[in-house]
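Comments concern the structure below.
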Amino acid sequence: MVEIPRYHVIGQIAQGAYGVVFKAMDVSDSNRTVALKRIELALDEDGIPPTAIREIALLKELRHENVIQLLDVVHAPYHLDLVFHFVDSDLKRCMESQVRGLSLPTIKWYASQLLSGLSYCHGCRVSHRDLKPENLLVELRIGRLLLADFGLSCAFRLPDRTHTREVVTLWYRAPELLLGATRCTPAIDLWSVGCILAEMLRGAPLFPGQSEVDQLFSIFIARGTPNGSHGAGLASLPCFQRAFPQWRARPLAELLPDAPAEALDLIERLLDYDPAARLSAREALSHPFLKDVAGSACAPDCAVHVCASAGADTDASSSVAAAQLPAGASADADTSALSLYAAEDDALRALRTARNDGDEMLLRSRGCAYDGVPPPAPERACERHGRRAAASVPPQHAQHVELSPDRSADDVVTGAAVECA
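Given below as structure tokens:
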């Protein structure tokens with residue numbers, strides 16, 4: 000008897016560094032539309048990639064209305080398919096579809112759902128570590144927002160564990176990560192939330208850096224350069240340099256002139272330089288800016304209307320792929336970044352040279368070459384940014400993870416063979 004595959008692939012949606020996303024039908028469930036995130040298994044490697052194991056393990060544990068649900072895992076000889084509900088848009092597409100920007104009720108609605116899903120994850124001791132508009136799916140029919148792409152997520156149950164700093168897409172990365180912090184804490188997600196909320200209000204990314212130091216200086220220009228009295232914790236991190244240019248903090252009202260005072264206060268408290276002082280997701284949900292949406296049972300009409308236009312002109316399924324893939328997978332990412340920088344004011348453009356100097360300074364402090372020129376022996380150098388310990392997953396672990404749904408996320412994520420990178 001010939002076995003009929005359960006999932007019939009309709010077509011490829013998009014491709015990124017961590018795999019390919021397909022639109023497919025579940026033939027065993029009335030041809031329901033699903034999204035398949037396919038991860039190729041290299042023949043010269045052992046088992047399943049650690050990022051896939053983390054995503055599977057954590058999503059099996061997470062059940063919330065604002066978190067994407069993992070429906071199934073299919074292990075073929077040469078690839079692994081993660082099966083998700085098909086969601087037809089994402090927050091980035093919703094924002095791009097509105098020339099005049101999202102309405103304030105819509106912004107509040109999405110911010111509330113984002114924080115609700117994040118509060119649940121943090122309550123389960125899980126940090127997402129890659130929050131960005133592309134990873135926030137939106138169901139057009141009801142305006143529901145879902146956190147997606149947990150490939151870089153991390154269980155922070157063990158307080159002494161360290162992790163790579165190269166998480167979180169650059170524009171939404173917390174300054175402590177850029178400066179060398181290695182602790183996995185929920186505070187890095189809250190910085191990302193502050194950036195996303197500001198982007199919804201502003202209609203453009205708040206800190207659109209083109210390199211790590213350019214990103215850092217974009218933050219310093221707006222929030223001020225850390226020093227002994229302002230952001231002292233950042234100034235003590237291993238990659239901070241005393242020679243960094245000194246900028247005074249600018250009022251957020253200058254960057255977000257049309258934002259209401261309550262929104263500015265919420266963003267201010269999410270973008271605190273001190274991770275311990277940032278609002279938690281639960282605290283942010285109780286902020287006055289979101290008081291009129293707390294406990295709402297359905298989306299405001301404007302939210303559904305806004306997102307409906309987001310999927311009208313293109314294949315809406317492509318947004319699912321963007322949310323399931325890492326930064327850089329979007330075809331228009333480079334164009335968007337260039338257009339944002341073309342719109343910078345004269346003051347920011349005048350600082351480009353200083354930023355380039357800062358790139359050289361920071362790279363050399365790490366013992367790295369700059370423009371092909373080897374650095375001199377540094378007096379003080381931190382570990383090279385982004386160094387990742389090799390993580391190997393024996394085949395028996397990979398098989399056991401997939402075939403044992405009762406195995407807890409702790410067993411997988413905190414196991415010696417599957418370190419949180």
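To convert, note that position 348 of the sequence shown is 347 in numbering that gives the first Met the number 0; the numbers rise steadily by one, no gaps. Ideal placement from N, C-alpha and C gives every residue a C-beta, glycine not left out. Since the model is a prediction, treat every value here as computed from it, not as a measurement.
Residue environment for V20: buried (at least 16 other C-beta atoms within 10 angstroms of its C-beta). V82: member of the beta strand (DSSP E) spanning 78-84, first to last residue. Under the three-state reduction of DSSP output, I67 falls in the coil class, being neither helix nor strand.
In terms of CA proximity to P259, L200 leads the group C238, P237, L200, P274. If you ignore the 5 residues before and after W246, its C-beta comes within less than 7 Å of the C-beta of F219, I220, G223, T224, all in its own chain and listed in chain order. The distance from the Cβ of G193 to that of I106 is about 13 Å, inconsistent with a contact at the 8 Å cut-off. DSSP, read as helix, strand or coil, puts H121 in helix. Judged by DSSP secondary structure, I38 falls within the beta strand (DSSP E) whose first and last residues are 31-39.
Look at A51 here: in three-state DSSP terms it is helix. Taking 8 Å as the cut-off, the Cβ atoms of E60 and F149 do not count as close. Of all alpha-carbon atoms in I195, L101, A154, L144, the one lying nearest the alpha-carbon of L169 is that of I195. Contact between L57 and A154 holds: CB atoms are separated by about 7 Å, below the 8 Å threshold.
Judged by DSSP in its simplified three-state form, K290 adopts coil rather than helix or strand.
D188 and P76 have their C-alpha atoms some 36 Å from each other. L196: member of the alpha helix (DSSP H) spanning 186-201, first to last residue.
Bounds of the alpha helix (DSSP H) holding R222 are 211-222.
In this structure, V137 places its C-beta atom within 8 Å of the C-beta atom of S88.
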